[in-house]
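Undergrad: One structure coming up, written as structure tokens, with questions to follow.
Number of protein chains: 2
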Amino acid sequence: MANILIVEDDLDIHNVLEEILKKAGFTYSHVYSGSEAMLLLEKNKYDLILLDLMLPALSGEKIISQVSDTPIIVISAKISPSDKVNALSLGANDYLTKPFNKDELLARINVQLRNSKPLNKDLSYKDLKLLNDNRTLLIGENKINLTKTEYAILKHLIINQKEVVPKNKLLDLISNDTLDGDENSLKVHISNIRKKLKKYSKNNYIESIWGIGFKMS
Amino acid sequence: MANILIVEDDLDIHNVLEEILKKAGFTYSHVYSGSEAMLLLEKNKYDLILLDLMLPALSGEKIISQVSDTPIIVISAKISPSDKVNALSLGANDYLTKPFNKDELLARINVQLRNSKPLNKDLSYKDLKLLNDNRTLLIGENKINLTKTEYAILKHLIINQKEVVPKNKLLDLISNDTLDGDENSLKVHISNIRKKLKKYSKNNYIESIWGIGFKMS
DNA sequence: ACTAAATCTTAAGCTTTTCTTAACTGGTTT
DNA sequence: AAACCAGTTAAGAAAAGCTTAAGATTTAGT
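Below you can see the structure in the form of structure tokens.
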């Protein structure tokens, strides 16, 4: 049976969700904050995430951006179309507003589970390989230590290696809200990654797509 | 760009859906009954179906049961959880109730399209092909780098390849401030695109319609 | 809880790419 | 012919990217 992660800080709803999943026969883990969620997500593999948006410590949106290989159903009190559009664009697969109907939730959970292909994304590109410890990169035989942010950026680029990754997608991986100055920060991270790569390979790997974003090359 | 099938018997909503898809740059077919839908589905391949439930001739539920390889978003006036659960269990991937929000619909459409991978349908005209990376054009085998603006202009022309695109439509794609001097700028962009095209083909591709705008030819 | 180390962000200066402006040419319409 | 529109070119402005270094923040170890 599927393994589900509940991320919800409201105690009542949290309990309701647990109840629903338990009755339906799912196994699940459950946390009350975004940061706890990230800790678990780094360690374990889930088939689905039920995610609140307004969370302490780390917003739901940030989590959506950082998760790429697990389907997410957002369950939020935010009912405005722009909130929905935002979450769905960032990578959520579905969006339910509170209060939700138990049976509808279960049906939507089953949609996600039946659609999720057993795809274990390979985190390698050419002679680069990301270890799943969130900080190590191999170039051929050489180990390179990355920071958490550098790892997240490179992971995102490698998973979408066929496509151009827009800057704002990458920005979601890093900053905490301030959408202005962050672009600069992203540039620095990219620069630092390139510097580390340059030590071991003449290859450039990360190509800038002017005005749009970046892409593995 | 994705190819979508609209199945909706209510004339008003049908038109609204067409409008939304057209503006978003999708290609689509559209029918007013379940039986028509099945005819098209047997002949053609679609990336997504927007489906009403209460249809003449053949119910939406029937269609859901018969379709297995194309994602379906139900758009229905039926708001009860049991109807939703039913449609989702039968095989629909999402369920929106009328009246729906245009942006939310688009976001949910994009969720379905991004999850059903090979969505790399590139725009093409004759031997021109725009890759969906926002900057690359293929003429036959030859790669040409376009700028963001050049790409936007050419994309617009190719999407509306049957029609004359007025200059002011194209102007909207570039800067939004000075509505005067921009016409000059557009001319330069067109000129630059033509120059790049000329390197690889004798064809002119972009035809000027005197006093009105441009058109692929 | 304190300190040191690691990491992230901000700022600045410099480079590259893209966009706009302007000037000139030539064709079209009335 | 005059007014208007289209096409090309070149130059400078504007925007985006790169790198470095310093200050701020976070993390980890004691």
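Protein sequence lines, in the order shown, are assigned to chains A and B. Sequence positions in the first sequence follow the working numbering and run 8 to 224. Sequence positions in the second sequence follow the working numbering and run 8 to 224. The beta carbon of each residue, even a glycine, is placed where N, CA and C say it ideally should be.
1) Please work out which residues of its chain come closer than 8 Å, Cβ to Cβ, to Ile-86(A), disregarding the five sequence neighbours upstream and downstream, and give them in chain order.
2) Express the C-alpha separation of Leu-204(B) and Ile-197(B) in angstroms, rounding to a whole number.
3) Would a check of beta-carbon distances place Ile-20(A) closer than 9 Å to chain B?
4) Between Leu-113(B) and chain A, is there a C-beta pair that is closer than 9 Å?
5) Tell me which residues share the same chain as Leu-120(A) and place their Cβ nearer than 7 Å to its Cβ, disregarding the 5 neighbours each side in the sequence.
6) Below 8 Å on the Cβ atoms is my contact criterion, and I expect Lys-174(B) with Glu-190(B) to pass it. Report the Cβ-Cβ distance as a whole number of Å.
7) Do the CB positions of Pro-63(B) and Tyr-39(B) come within less than 9 Å of each other?
8) Assign Thr-185(A) to one of three DSSP states: helix, strand, or coil.
9) Going by Cα to Cα distance, which pick from Leu-112(A), Arg-115(A) and Gly-220(A) is closest to Leu-164(A)?
10) Using a 10 Å radius around the Cβ and a threshold of 16 neighbouring Cβ atoms, would you call Thr-185(A) buried or exposed?
11) Using a C-beta cutoff of 9 Å, does Ile-166(A) count as contacting chain B?
12) What are the boundary residues of the beta strand (DSSP E) that Glu-214(A) is part of?
13) Check distances from the C-beta atoms of the region 186-209 of chain A to those of chain B and list, in chain order, the residues that come in under 7 Å.
14) What does DSSP give as the partner residue(s) for Pro-173(B) in the beta ladder?
15) Looking at Asp-19(A) and Asp-59(A), is the spacing between their C-beta atoms short of 9 Å?
16) With a 10 Å radius around its C-beta and 16 neighbouring C-beta atoms as the bar for buried, classify Lys-162(B) as buried or exposed.
17) Leu-48(A) and Leu-12(A): beta carbons closer than 9 Å?
18) Got a sec? Which residues, its chain only, sit under 7 Å from Leu-95(A) by beta carbon, not counting five neighbours each side?
19) How is the alpha helix (DSSP H) around Tyr-207(A) delimited, first residue to last?
20) Does the Cβ of Leu-164(A) lie closer than 8 Å to at least one heavy atom of the ligand GTP?
21) Counting contacts by CB-CB distance shorter than 9 Å, is Ser-89(A) in contact with chain B?
22) Buried or exposed: where does Lys-176(A) fall if 16 or more other Cβ atoms within 10 Å of its Cβ makes it buried?
23) Along the chain, which unbroken stretches of the alpha helix (DSSP H) at least 4 residues long are found entirely within the region 83-125 of chain B?
24) Between the Cα of Asn-152(A) and the Cα atoms of Asn-199(A), Lys-109(A) and Ser-131(A), which residue gives the shortest distance?
25) If the cut is a Cβ gap below 8 Å, which residues of chain B does Asp-179(A) touch?
26) Quick check on Ser-72(A): does DSSP put it in helix, strand or coil?
27) Is it right to say Asn-93(B) is buried, meaning 16 or more other beta carbons lie within 10 angstroms of its own, or is it exposed?
28) Which residue or residues does DSSP assign as beta-bridge partners of Ser-131(B)?
29) Taking Cβ positions, are Ile-82(A) and Leu-57(A) nearer each other than 9 Å?
30) To the nearest angstrom, report how far apart Thr-34(B) and Asp-110(A) are at their CA atoms.
31) Any C-beta of chain A sitting closer than 9 Å to the C-beta of Lys-155(B)?
32) Please classify Asn-6(A): is it buried, with 16 or more other beta-carbons within 10 angstroms of its beta-carbon, or exposed?
33) Is Asp-110(B) close to chain A, meaning its C-beta is less than 9 Å from at least one C-beta of that chain?
34) In whole angstroms, give me the CA-to-CA distance for Val-195(A) and Lys-202(A).
TA: Reading from the atomic positions:
1) Thr-104
2) 11 Å
3) no
4) yes
5) Once the five neighbours on either side are set aside, the close Cβ partners of Leu-120(A) are Ala-9, Asp-54 and Leu-55.
6) 7 Å
7) For Pro-63(B) and Tyr-39(B), yes; Cβs fall inside 9 Å.
8) Because Thr-185(A) sits at a pLDDT of 48, beneath the cut-off of 50, its placement in the model cannot be relied upon, and the following sentence gives the value as read from the coordinates. Coil.
9) The candidate whose alpha carbon is nearest that of Leu-164(A) is Gly-220(A).
10) In this prediction, Thr-185(A) has a pLDDT of 48, which is less than 50 and means its spatial position is unreliable; nothing more can be read from the coordinates.
11) no
12) 213-216
13) Listed by position, the residues of the region 186-209 of chain A near chain B (Cβ gap below 7 Å) amount to none.
14) Gly-220(B)
15) No.
16) buried
17) yes
18) Tyr-102
19) Segment: none, Tyr-207(A) is in no alpha helix (DSSP H) and carries neither H nor E.
20) This structure simply doesn't include the ligand GTP, nor any ligand for that matter.
21) yes
22) buried
23) 88-97 and 109-122
24) The candidate whose alpha carbon is nearest that of Asn-152(A) is Asn-199(A).
25) None at all; the shortest Cβ gap to chain B is about 16 Å.
26) In the structure shown, Ser-72(A) falls within a helical segment according to DSSP collapsed to helix, strand and coil.
27) buried
28) Lys-136(B)
29) yes
30) Note on geometry: alpha-carbon atoms of Thr-34(B) and Asp-110(A) lie some 35 Å from one another.
31) yes
32) Summary: the structure shown does not reach residue 6(A), with chain A confined to residues 8 through 224, and so no result is reported for it.
33) Closer than 9 Å to some Cβ of chain A, the Cβ of Asp-110(B) qualifies, so yes.
34) Rounded to the nearest angstrom, the gap between the Cα atoms of Val-195(A) and Lys-202(A) is 10 Å.
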